[in-house]
Every structure is written in C-alpha cells, then in structure tokens.
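Numbering (my numbering), first residue to last: 6 to 272.
By construction, the Cβ of each residue, glycine as well, lies at the ideal position given by its N, Cα and C atoms.
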C-alpha cells in the first residue's frame, strides 16, 4: 500500500527538504502511473526530473514535472483524459486542480496543470505538470528506467537524449544570451558535455540551431563567439554564480571555460 506521508518522510531522510520532498513523491507516483498505464508510449519525460535522476544529485531536484506528448493532443479535453488514465495504481487517486493554463516561458510554450494525489489514508500532495508536444521526430527517444522510492522495478519511460537536451539548452542560451534566466541550463550543459555522442550532437545542433531560421548561428564558430559574449557579461556571470539554481560546486570560470572548450572541439 502506498502511504504518501511515509514516502515524504523517507524523501526527507534522503536529503529532499521541504517542498522538494513532496515533489519527489509526486513525481515518483506519476512516473510509475505513466509507465504502467495506457499512454506510456505517448509521452517523453524531459527537464529537471531527468537531470536529477541521471546525476543522482538532490540539489538538481525540481518541483515540476516536464512531459511532452507524442502523437497525442494538447487540447484541454485530452489533458483531462491523460490525467484520468493516470488512475491505474492501487490505493492512489489523481485528479486535476484548478484550470488548465497556457504556459509561456523563455523559449518554451505549452500548458500547465496542477494535480492532486491522494492515498486511501487521506494523505494528499499537490504537484504541477508542464505539458508540451514532442515534434522532433528525427530524434529517437531513449528508454530510461527511473528509480522509484517505493517500487524496486522502477518506471521505464521514454526520455530526451543527452544530445537533444544539450542542444535545446544551448539554443535557449544563444537566443537570450546574458538575458537568459535559465541558469540551471548552464550547469546541465557542463554535466552533459561528458556524456554526449559527437555525431548525434552535431545532428541535434543542426536541427535546433543551424537549421532554425530564427537563430543567428550558422556554424560552431558562431556558437562559440556568442557564448563568449554571454560569458563575458559580468552581471550575467554574477547571477549565474549566485543563483539558487546552481547545483554544481565547480568555480563558475571552470564551468564556462569547460563549455567553451567543449564546443571549440567541434570547430
């Protein structure tokens, strides 16, 4: 039997503090429900939940769950059907809270929905899911097994590849430069650079950056030049260095130079 309160207490013991503990429990339950439900191949998981799992770093924990639908509508009625189909776990009820909202952030659009998760003991937790549409079919999504706190089998789902994640984060930074507020992305890129496949990354760069007419960069040299401009902005570097989103302890200069050196190898 799933007991939400006990799971939150266990998350606290494992280093997840405050709201992050509740968020971790919500994420585990939703991921498990997705993996055993009828829409397991109609979603791909992305964002902080993937990064936290890959890094096994509590500091990279996020309170949101980012999901892209695969060949599934983002219409409100489809989202309600999606939430309804999450109700496939014994002793757990999942329902929508409030309205489905349009989501517009830096370089990202989609919809946002809050959910309520309740067990048979009356324990409740709330969580937020950001929903988008996966339309990059040239990228094969990777099969990944998430560790689930209460289930030894975990949750096997599709996720964005490391190359896709790095290219997407790089695209956002290039687009907004020193005005970017996605500070986690820089630390994520620093981590991901050591695990990407060179050929696959070049394909991702071509799709997300070189082949995008809204982007100014046409070559890797252009990318490096734009990164140098952003990383030479003292105000931006200060915000990046002192952000509460920082989850890597390396000196900020080591992080930025590491990214520049990595991209320079592609020139």
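A straight line joining the alpha-carbon of residue 41 with that of residue 162 spans about 9 Å.
Comparing alpha carbon positions, the residue from 222, 172, 148, 239 closest to residue 184 is 239.
For residue 271, the CB contacts under 6 Å within the same chain, skipping 5 residues up- and downstream, are 225 in chain order.
Of the candidates 148, 205, 48, the residue whose Cα lies closest to the Cα of residue 84 is 48. Within the same chain, 198 come within 8 Å of residue 267 by CB-CB distance, once the 5 residues on both sides are set aside.
Straight across, the Cα-Cα distance linking residue 34 with residue 176 is about 32 Å.
It is roughly 14 Å from the alpha-carbon of residue 165 to the alpha-carbon of residue 212.
The three-state secondary structure of residue 70, taken from DSSP, is strand. Here residue 259 is exposed. Its C-beta has fewer than 16 other C-beta atoms within 10 Å. Taken atom to atom, the span from the alpha-carbon of residue 134 to that of residue 29 is near 13 Å.
With a beta-carbon spacing of about 5 Å, residue 137 and residue 73 fall inside the 8 Å limit used to define contacts. For residue 11, the uninterrupted alpha helix (DSSP H) run begins and ends at 9-18, by DSSP. Approximately 6 Å separates the beta-carbon atoms of residue 154 and residue 12; this is inside 8 Å, confirming the contact. DSSP places residue 151 in the strand class (E or B) of the three-state scheme.
In the three-state scheme derived from DSSP, where H, G and I count as helix and E and B as strand, residue 200 is classed as coil.
Contact check between the region 51-60 and the region 80-97: fewer than three CB pairs, one atom from each, fall below 8 Å, which does not count as touching. Per the coordinates, the alpha-carbon of residue 245 lies some 11 Å from the alpha-carbon of residue 235. If you look at residue 159, you'll find it in the beta strand (DSSP E) that goes 156-164. Relative to residue 168, the option among 193, 67, 128, 62 whose CA is nearest is 193. With distances taken between CA atoms, residue 65 lies nearest to 191 out of 103, 232, 191, 222. By the Cβ neighbour-count rule, residue 107 is exposed, with fewer than 16 other Cβ atoms within 10 Å of its own.
A residue is called buried when at least 16 other Cβ atoms come within 10 angstroms of its Cβ; residue 124 meets this threshold and is buried. For residue 114, the beta-bridge partners assigned by DSSP are 109.
Checking the DSSP bridge columns, you'll see residue 266 has no partner listed.
Residue 184 sits in a helix when the DSSP states are folded into three classes. Comparing alpha carbon positions, the residue from 9, 22, 51, 248 closest to residue 148 is 51. In this structure, residue 207 sits away from residue 214, with a CB-CB distance that is not shorter than 8 Å.
The distance from the Cβ of residue 105 to that of residue 118 is about 5 Å, consistent with a contact at the 8 Å cut-off. For residue 131, the uninterrupted beta strand (DSSP E) segment begins and ends at 129-138.
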